Amino acid sequence: MSFLRTLSTRRLVVVIVALVALAGGAAAIAVAAGGGGPTPPSKPLDQAIHDALGAPAPEGITARVTFTNKLFPSGALLGSAGSALMSGASGRLWATNDGRGRIELQSDAGDVEIVWNTSTVSVYDASSNTVYRVALPAAAGGAPGGDSGAAPALSEIDSLLSKLGAHATISAAQPTDIAGRPAYSVTLSPKHDGGLLASAELAWDADHGVPLRLAIFAQGASSPVLELAVTQISYGSVSASDVDIQPPTGANVVDLTAPTHDSSGSETSPVTGLAAVQAAAGFPVTAPDTLVGLPRQDVRLVGGTDSKAALVVYGQGLGAIVVVERKADVSQGKNEALSSLPTISLDGISAHELATQLGTVLEWQRDGTSYVLAGSLPAAAGEAAARQLK
């Protein structure tokens, strides 16, 4: 998999920007070796969550962090050419109590700056001089980031845990210490349809309610495949200059915000169902009843009138396979983000493949139609599904 050493960060960074942005938006997610520090008293999980949500918010947060990325095959990102987002790095974190923050990751390839406020998350990657930007949805009531500060009742937390428990196994709140702080840690594992995801671990400061751990584990892995970590953390005021920074003038900008629905006038009903989508798509839509044993769950038309695409879903939950089909447009380079990936043969058809520890993405074209298949499944299973679509 040596291609990852030279593949453009611009074409791969989207794979993990969302994970990093979510971690940053949580304020101060950290993973660090515990031991030797104070631990909180044992509590039921619902009580630990209730107390965390009701804890007074600190005035600000300053931390030393590390980010680990083992998403790609071992050894694929050797050398200093890879971005800090692709190979991991250490750095610093600042966050205010009004929803602003910044993570700075440092590597030989150049810094990565993750900056957020209540409306936007931006990731600047110096190795490609590119800014990846996504708009955040407004909070309930129309005020982005709005928060009454009141913790939900225990009955509400119990109801949420019960609903979540139908899909995941949730551990008890384990007292621990992280970065010198008393903390609680909890592990969630999918009960079914989890794909290649084994579990996720989250920990938070027992006194301040600040998240202090996020780690994602793949099936069969003893260590996290993705991990954002802090080795030191302190609470106190943070200067605006630490969180309000702009990318360099002239940086490339990639907007990752999902397009909004057309609000110019009449509302149209969504086109769903195989027959309706095949009739309206304007290109051949391939959607067998099953794909590698998974039943077809949904077929719908997505995109604007000039970029119609068929979205087909097989299976349920995290183990689902998603297929996007659209009319091929080579002149506009619709699949540039995948075109530099390794090439494989699907029974004579050339395809591009990105295989990671958490899933596989395949792209190919056939008879004027472009296909992208993605799922949390091994490469061999993804290739078998792509061959079946022929």
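Position one of the sequence shown corresponds to residue 1 (the working numbering), numbered consecutively onward.
Cβ coordinates follow ideal geometry from the N, Cα and C atoms, glycine included.
Fair warning: this is a prediction, and the values are worked out from it, not measured in the lab.
Identified DSSP bridge partners for residue i
| i | result |
| --- | --- |
| Tyr175 | The sequence shown places Pro at residue 175, not Tyr. Paired residues: Tyr184. |
| Asp205 | Ala183 |
| Ser345 | Ser350 |
| Glu104 | Arg92 and Glu113 |
| Asn252 | Thr130 |
| Asn69 | Leu226 |
| Ile233 | Ala63 |
| Ile170 | Leu188 |
| Asp125 | Val112 and Thr130 |
| Ala218 | Leu197 |
| Glu363 | His352 and Val372 |
| Thr120 | Ala135 |
| Arg213 | Ala203 |
Cα-Cα separation between residue i and residue j, rounded to whole angstroms
| i | j | result |
| --- | --- | --- |
| Gly75 | Ser87 | The pLDDT assigned to Gly75 is 42, lower than 50, so where the model puts this residue is not dependable; a value taken from the coordinates is nonetheless given after this. Cα to Cα, Gly75 sits roughly 10 Å from Ser87. |
| Leu358 | Pro58 | 35 Å |
| Lys43 | Gly209 | 14 Å |
| Pro182 | Pro175 | 7 Å |
| Gly79 | Ser199 | Only weak support exists for where Gly79 lies, its pLDDT of 40 falling under 50; the value from the coordinates is given anyway. Approximately 30 Å between the Cα atoms of the pair. |
| Leu213 | Ser171 | Just to set this straight, residue 213 is Arg in the shown sequence, not Leu. Going from the Cα of Arg213 to the Cα of Ser171 covers about 15 Å. |
| Ser237 | Ile61 | 7 Å |
| Phe283 | Gln365 | 12 Å |
| Glu397 | Arg300 | Given a span of 1 to 390 for the chain in the structure shown, any question on residue 397 remains unanswerable. |
| Gly25 | Gly101 | Its pLDDT being 37, under 50, Gly25 is placed unreliably in this model, and the coordinates cannot settle the point. |
| Ala379 | Leu346 | 12 Å |
| Pro342 | Glu383 | 13 Å |
| Asp367 | Ala287 | 15 Å |
| Val254 | Thr130 | 7 Å |
| Val372 | Arg64 | 39 Å |
| Ser269 | Lys327 | 22 Å |
| Leu377 | Leu362 | 11 Å |
| Leu45 | Gly194 | 23 Å |
| Asp392 | Ala275 | Outside the displayed span of the chain (1 to 390) sits residue 392, for which this structure offers no information. |
| Pro248 | Ser122 | 13 Å |
| Leu71 | Ala206 | 30 Å |
| Ser223 | Glu201 | 11 Å |
| Ala218 | Ser189 | 11 Å |
| Gly391 | Ala173 | Since the first residue shown for the chain is 1 and the last is 390, residue 391 is missing from the structure and cannot be characterised. |
| Asp111 | Tyr124 | 8 Å |
| Leu226 | Leu136 | 22 Å |
| Gly180 | Trp204 | 12 Å |
| Gly333 | Thr369 | In this prediction, Gly333 scores a pLDDT of 48, lower than 50, which makes its location untrustworthy; no coordinate-derived value is stated. |
With 16 other Cβ atoms within 10 Å as the buried cut-off, status of residue i
| i | result |
| --- | --- |
| Thr360 | buried |
| Ile245 | exposed |
| Thr408 | No answer is possible for residue 408: the residues shown for the chain start at 1 and end at 390. |
| Lys191 | exposed |
| Asp98 | exposed |
| Lys390 | exposed |
| Leu154 | exposed |
| Pro38 | exposed |
| Thr356 | buried |
| Arg387 | exposed |
| Gly273 | exposed |
| Ser185 | buried |
| Glu113 | buried |
| Asp329 | exposed |
| Ala279 | exposed |
| Ala215 | buried |
| Phe3 | Residue placement at Phe3 cannot be trusted, given a pLDDT of 36 that sits under 50; what the coordinates show is reported in the next sentence. Answer is exposed; the Cβ neighbour count stays below 16. |
| Ala385 | buried |
| Asn69 | buried |
| Ala84 | buried |
| Gly91 | buried |
| Ala28 | Below a pLDDT of 50, predicted positions are generally treated as unreliable, and Ala28, at 38, falls in that range; no measurement from the model is reported. |
| Gly250 | exposed |
| Asp289 | exposed |
| Pro211 | buried |
Proximity test, Cβ basis, 8 Å: residue i and chain C
| i | result |
| --- | --- |
| Val322 | Annotation note: the requested chain C is absent from the structure, which comprises a single protein chain. |
Exercise for review: Give a yes or no on contact between the segment 308–320 and the segment 348–355, applying the rule of three or more CB pairs nearer than 8 Å.
Suggested key: no
Point to revise | Touching by the beta-carbon criterion (3+ pairs, under 8 Å), the segment 107–122 and the segment 154–170 | key: no
Exercise for review: Ignoring anything shorter than 4 residues or poking outside the segment 266–336, list the alpha helix (DSSP H) runs there in chain order.
Suggested key: 274–281
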